[in-house]
Every structure is written in structure tokens, then in C-alpha cells.
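In the order they appear, the protein sequences are chains A and B.
The numbering used here puts the first residue of the first sequence at 298, with every later residue one more than the last.
The numbering used here puts the first residue of the second sequence at 990, with every later residue one more than the last.
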Amino acid sequence: MTAAGLPLAEFQEWMQAVIVHPGGVDAGLRSRAARRRLPPSRLGAVVRAYGALCPVERLGIYASMYPLRTVEALRSDYPALATLLGERRFGALVREYVAAHPSTSFTLARLGDRLPSFAATWGPERGRGLRADVARLERAAAAVFDAADVALLDAPALAAALASEGESLRLVTAPAFAILAVRPGAVAVLDAVLEDASAPTSAERGLVHVALYRRDFTVLRRTLDPVPGRLLAALVSGLPLAEALSRAARRRPGARIVSGWLAEWSALGAFARAGVAPDPSAAR
Amino acid sequence: MRNRFGLPMLGYGVGLRTVHFSDHLGRPGGADFLEAITENFLDTGGRPLHVLERLAELTPVVLHGVSMNVGSVDPLDLAYLREVRALARRVDARWVTDHLCWTGVAGRNTHDLLPLPRNEETLAHVAARLRVIQDVLERPVHLENPSTYLELAASTMGEAEFLGRLADLSGCGLLVDVNNVFVSSFNHGRDAEAWIDAIPADRVVQVHLAGHTNLGTHLLDTHSDHVRDEVWALFARLVRRTGPVTTLVEWDEEIPPLDVVLAEARKARAVAEAALGDRDGRREREAA
Ligand SMILES: [Fe+2]
């Protein structure tokens, strides 16, 4: 250490370790990462002492803003999860999550990318699945909101592709479309938050398929019946129609019914084109 | 005086905020220009970008970033910079700004504007990075003075001097946030007027105005309120040095209806015109 402060690189490592510590500024100063660069007793050699606040209090201003900023960012991405958990528990979830998965992106919009899987193992076991499903729905809605605007496969083009390909038809999902299988209670939680009501506890079992799509840049949601839900999920996963149909139902729905569903989904903007999506891992 | 970059005076604008999207679309031209937070439009192909593109067809847009991380010892994020360049082209941004700060190290982003020691080491480091950044962006970058809450023992010069020398070394311009000058000066017991008097006026491309929160022991840069009288006075003092300068009102917390923010921008115009009238009147009297 030089007479006045630390070299720039060491100073930055030290200050970051202090202000992002989940235990607060005092714990941050005593943390191993911080002490490696500066023993707490030498704080005055780095941060000047003057005025109404001591150096610890000055660092504390930065340290206190970090949790506020991360909680606020994740609350705006996960309003239903925040409502479901309540202020205190949501704050605790965010603190633990951000400590495990700090932001590495230029945008706070990416901070919550791994919150659904984190929520699946966080907190009391009871209710974990529901919390994770609410988070998955909200994450998917954010992705649909931000997805690129591309040309879509409309119903006539889809009918033509179906006529020429038959059951070997495959479809490429539009970027601004998603389908998820979730607990029915998760849908109820989202509805309740939208309507500003309290969520009923759902006794329904099993999973429902929920489609998320975008209209005029607003994300909308539709819950599908079991057979069309499974069929659309299988198509979105890239399976050809024949295989998707046998996954969806033991007894095959009639061709007219299937083409009606396909027309309905293309009207939601589900498909970008017929064919096979390029495998992103093949490009590497 | 005109800035040395030959950049135009865009007038009196407001920061583009999501809650005001439909107001701007419904009544375009309410502000002389709009400032968009760069990062909010980089990672989206959805409504925000669509809105910004439509507004940019009607109103000049400037880009204001919070994640360039110019002061960090981490390698520059070239992918980020290329995305900024692409966005700037897409919306015909009149210019690109960010802050004199670091936001994170070791690959992390604290999403805060963290203070730098103002000494020769930092000066050389930031100037070298700015030259690369401006090469990648293919345009000058203009840096803003952030609000700060601590002073480092390793600092050997004042902020205005540091910014002036940095601008000379790197060719960057300056975005003077007058509220930040006031907040930092209060927090560190320094003279805000001396700061304004020391900044190289011909480097000032844009000005920010905003409100802050007084917590007794210190001021917090919250952008949650009207501009304070002391900040208006500093703004007038700056304008007397720079001449008419592109000025923007920022409001980020407890955001009021757009009309309130637009009224604040109109007040900025009135304050600037009054300050320039005083100045020019005085000059005429002195000449006579
Ligand atoms: Fe600012």
C-alpha cells in the first residue's frame, strides 16, 4: 500500500467487496476479500475523514444503495413473486440470490435470469414449486416482452405448409412467444396481482400449459386445454407434427381440429416459419 | 461560446422514461430533445426500442449510458460498446454520454456510479480507455461528473481540474450535471461555484439538472424532486460561461406527470435566457 491509498486495481477490488457484502458495510470491511487488500484499521488511509460522516458511514451510503437497487430491479421483473412472498421474504430472497448470482451484465434486466431456478430451492419446502412457477411465468413474460419483432407465419401460410408437409411439418417458434407447463396456482397468483386481489389457494393438481404472446408490444397470457397444450408445447420444442400428436394424446384428435388449433396459434403469433430452427450450439 | 465539437444546441429536453412513453407518442415535440438511458434499449427488441425509434423520427435523441465502466481496471466490454454504436446509428443519436466513474470490477456490475481517486494514475488509465472507447464508437464520448459520497486519500486534484485534463488527454467532451456539482460539493464541504468556474466551458456539450434529497448529514442524488434554488443559481453561473447549452431535466423517482417535467425544462430555458440577458447586458454596459 502506498502512503495515500491503494493502487487503482486493489482499491476497486476492496471497495466492491465492502459495498456488495450481504451482511452490510461492517461485515464487508471485515470480509476476507476486503481484508486481503486493506485491514479495517487502515481504512483512514484510503477514505478521508471529514465532515459529519465517518469513513464507514460514507461507505455505508454505497453499501445501502446496492440492496435497494437490486430489490427494486427484481421487484419490477417479478411483481407477482414479490406479492406472493411479501416485502420481507422477497427482500431476503433477493439478498441471497444476488450474493449467489451477482450482476455481470451491463443491464439490470439480466439480473433475474436465474431467479426461477434459485426460487425452486429457496425457503421452506412447502410452496417452493409454486414460487418457482410464478417466477418462471414472469421471467418468460419479460423475455417475450423484449424479444425481437420478426415476420410471422400467418394462418394461410401455415395451412399451405401443412398441406405440403403433412405430419412431417415442423415449426420454428417466434421469438416473442413461449409456452410453459405450470401449477394452476401460479396462474391464479398472476391473475390476482393483475386484479390487485389476494390469490386463492388452488387445490387443483397437475400442470396447465400457459401460452405467452405479444400484441401491440403488450404481453398476453392464455391457458390451454390439456391436449392442445401438450401438442403446442411439443411443436414449440421442435418435434414434427406426427410425433407431437402422439405425445399430446393417446387418441389422436381429428385433422380438422388440429388444423383449427394451428390456425388459432398462428393468430397468437406463435410461429416464425415452417422448418427447423438452427441449432445454436452447432454455430460454435 | 459554442462547444469546440461544433455540436448543436439541442434546446431544453427531458429524460425519456417508460411511464411517459404514451404521452410522448401522443404529443410529440413537447420537449426540444429526449435523452434515453442507453442500456434500457440495448437488450430489447420489444416496445421500448419501437417507441424510441418512433420518437427519434420526430425529436432529436441523445444516449446516456450507465454501464460504460470507463474507470474500471477490468478489460473494456467491446461487445457492449459495439451494441451502443449500433443503437446510436439506429436512432441517429446526436451524441453519447456516460459517467466519470467505475461500476464494477472482476466481471461484476454493481450498477452504481462509484468514485475514482483523482490522481495521475487514474487520469492516464481513464484517458487511455476513453481513446479506445471513442475509436469503437466512432464518435467522441462526453463524460458526466457523478454525485459522490466519499473522498479518497489518493486524490491529488479537484474534480473540475481532473475532468479538464482528462478532456485534453482523451478528446472527450463534458456533460456537467449541475445538481451533482451541488450534491458532491455539499457532501465534501467544497465550493460549488469554484467548480463551475474551473470547468473548461468549451468542452461542455450538455447539462443535467435534477432534484436531490437532503438527509441532514449529506445530500442524496435521488432525481426525485424539483431542481433546488441553489442548483438553478449554479446553472445560471455555468450558462454565463458556456453560452446557450443543451440542457436536460432528469426525474427518476416519484416521477410526476410529463407536464411537470416539461415545465421544469421550460424553467431551465427561462433561467438560461435571464442569465445570458444579464451577461450580455453587462458586457454592453462595459463596452459603452
Ligand atoms: Fe445526471
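Built from N, CA and C at the ideal position, the CB exists for glycine as well.
Fair warning: this is a prediction, and the values are worked out from it, not measured in the lab.
- Sequence-distant Cβ neighbours of residue 429 of chain A in its own chain, meaning closer than 8 Å and more than five residues away, are 413, 414, 416 and 417.
- Separation of the CB atoms of residue 569 of chain A and residue 469 of chain A is rounded to 5 Å, and the pair is thereby assigned contact status at 8 Å.
- Residue 1218 of chain B: member of the alpha helix (DSSP H) spanning 1218 to 1231, first to last residue.
- A distance below 8 Å separates the beta carbons of residue 1167 of chain B and residue 1198 of chain B.
- Relative to ligand 1, the nearest heavy atom lies less than 7 Å away from the CB of residue 1133 of chain B.
- Neighbourhood of residue 1103 of chain B in chain A, by CB distance below 9 Å: 309, 312, 313, 316 and 359, in chain order.
- Ranked by Cα distance from residue 478 of chain A, the first of A:462, A:434, A:515 and A:548 is A:434.
- In the structure shown, residue 546 of chain A adopts coil according to DSSP, grouped into three states.
- What you get when you keep residues with a C-beta closer than 5 Å to any heavy atom of ligand 1 is B:1166 and B:1197.
- In terms of beta-carbon proximity, residue 1139 of chain B lines the interface with chain A, with at least one pair separated by less than 8 Å.
- The region 1163 to 1177 of chain B makes no contact with the region 1107 to 1117 of chain B: fewer than 3 CB pairs, one atom from each, lie closer than 8 Å.
- The region 1068 to 1082 of chain B makes contact with the region 1026 to 1037 of chain B: 3 or more CB pairs, one atom from each, lie closer than 8 Å.
- With respect to residue 467 of chain A, residue 533 of chain A sits apart: the two C-beta atoms are not nearer than 8 Å.
- In the three-state reduction of the DSSP assignment, residue 1006 of chain B falls in the coil class, being assigned neither a helical nor a strand state.
- Proximity of residue 1106 of chain B to chain A, defined by a Cβ-Cβ separation below 8 Å, is satisfied.
- In the same chain as residue 328 of chain A, and ignoring 5 residues on each side of it, the C-beta atoms closer than 7 Å to its own belong to 314 and 318, in chain order.
- Per DSSP, the unbroken alpha helix (DSSP H) holding residue 367 of chain A starts and ends at 352 to 374.
- For residue 364 of chain A, no Cβ of chain B is located within less than 8 Å of the residue's own Cβ.
- Counting along the chain, the unbroken alpha helix (DSSP H) around residue 1122 of chain B starts and ends at 1109 to 1126.
- Going by C-alpha positions, residue 388 of chain A is about 6 Å away from residue 368 of chain A.
- With a threshold of 8 Å between beta carbons, residue 520 of chain A makes no contact with chain B.
- Scanning A:391, A:312 and A:385 for the CA closest to the CA of residue 358 of chain A turns up A:312.
- Burial state of residue 1056 of chain B is buried, judged by a 10 Å Cβ sphere holding 16 or more other Cβ atoms.
- Rounded to whole angstroms, the Cβ separation of residue 558 of chain A and residue 525 of chain A is 5 Å, and the two are in contact under 8 Å.
- As the crow flies, the alpha-carbon of residue 1141 of chain B is around 40 Å from that of residue 439 of chain A.
- Proximity of chain A to residue 1096 of chain B at the Cβ level (cut-off 8 Å) is accounted for by 401, in chain order.
- In this structure, the CA atom of residue 407 of chain A is about 29 Å from the CA atom of residue 527 of chain A.
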